[in-house]
Amino acid sequence: MDGNSSSASGVGLERSCAESTADWMRSAQAENGVEFLEAWFHGRAYHKHRHDTYGICLTTAGVQAFDYRGAAEVSTPGQVTVLHPDELHDGHAGTEEGFGYRMLYVEPALIFEAAQMLSGRACSLPFVRRPVVVSPALARAITGAFQSTREPLAIDSLVVQVAEGLVEADPSCRQVAPPRRLDSAAVERARQFLDTQKTRVVRSAELEAVTGLTRYDLARQFRVMCGTSPYRYLLMRRFDYAREQIALRRPLVEVALEAGFADQAHFTRMFRATFGVTPARYSALRAQESTGRKGAYSFHPFSLKS
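If you want this note's numbering, it's the 1-based position in the sequence shown plus 89.
What follows is the structure, given as structure tokens:
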């Protein structure tokens, strides 16, 4: 790998984490310009190499050490490492215990477009002078990305979050921009369109066509008006549909597919992360409510946090 360019080191080298003492890696091919990688290493992880993307890395355990721009660097749990495109670096454990991390590889063109939107002016790609930073914004973005899906609208929101963190860390990008206009009519068109799409994944280009806004500007404006991202808004509408179908005692596998999820396992993970109970548990509780069993308690979906 020494000196080679790649979108992510070790693609195709996925390993099981059955033994906590063994090195392992889980990676996925890039989707919509973002690649995800999670790994644990002891000793040397990588020889010197470079990527053609941003590498935004959250250290999750242990001490991560690496050589970058002629200096020895370390990152500890909660710290974020920002590797810029085409910058030579390596990676190794800073202690015998090893280290774990989560990494996002993001195409520079996506960051550039989102940074222009956030800055409200022409600017270069964000450049973070210190490779290891304490950035709650970037840490939240990485953590949230590994808990979410990789649907197009989710990636749009993620890119905006990452760009916000990079712009915040680059003084040259933080110049106060004039207030940006809020196109409430366009956002409302997006909201109404999403209200009608309860059974499928919506593509970014569809919302761009409906609103006339770029996907990143829409993500920003939608959150201002609706308090959440277009992806999260649509996800909740899909769950509204799913809960209606579950209440009708439909088979969960059919409900999952009709609500636009890849399979029942995916549906179950997302449902539990959203409501704190599995679809099977929700179905059982609704069945108790409908039969009026003695001692059963009512389960009101709108009382759940969403």
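Cβ atoms here follow ideal geometry from the backbone N, Cα and C, with glycine treated the same way.
Counting the other Cβ atoms within 10 Å of the Cβ of L337 gives fewer than 16, which makes it exposed. The DSSP assignment places complete beta strand (DSSP E) segments of no fewer than 3 residues inside the stretch 148-222 at 153-157, 160-164, 169-172, 178-182, 188-195, in order along the chain. When rounded, the separation of the alpha-carbon atoms in G167 and A154 is 14 Å. Separation of the CB atoms of P319 and L307 is rounded to 7 Å, and the pair is thereby assigned contact status at 8 Å. Contact check for A234 and L193: beta-carbon distance about 6 Å, within the 8 Å limit, so the pair qualifies. Taking the CA atoms as reference points, L324 sits about 43 Å from A161. V163 is the residue among E196, P197, V163, L199 whose C-alpha sits nearest the C-alpha of G183.
Shortest Cα-Cα distance from T285 to any of E257, A111, A348 involves A348. If only complete runs of 4 or more residues are kept, the stretch 287-367 shows the alpha helix (DSSP H) at 293-300, 304-315, 319-336, 341-347, 353-364, in order along the chain.
Residue burial annotation: S261 is exposed, with fewer than 16 other C-beta atoms found within 10 angstroms of its C-beta.
Non-local C-beta neighbours of A198 in its own chain, meaning closer than 8 Å and more than five positions away in sequence, comprise G122, ordered along the chain.
Residue nearest to L255 within the set A362, F360, V171 is V171 (criterion: CA-CA distance).
Secondary structure of R239 (DSSP, three-state): coil. In terms of CA proximity to T165, V222 leads the group I145, V217, L214, V222. L214 and G159 have their C-alpha atoms roughly 22 Å apart.
A279 sits close to F311, with the two beta carbons spaced by under 8 Å.
Rounded to whole angstroms, the gap between the alpha carbons of A351 and Q236 is 16 Å.
Only residues of its own chain outside the window of five on either side were considered, and among them E202, A203, M206, D245, V248, V249 have a CB closer than 7 Å to the CB of Y305, listed in chain order. Distance from F188 to F130 at the Cβ level is roughly 6 Å; contact confirmed, criterion being Cβ atoms closer than 8 Å. A117: not part of any alpha helix (DSSP H); member of the beta strand (DSSP E) spanning 113-120, first to last residue.
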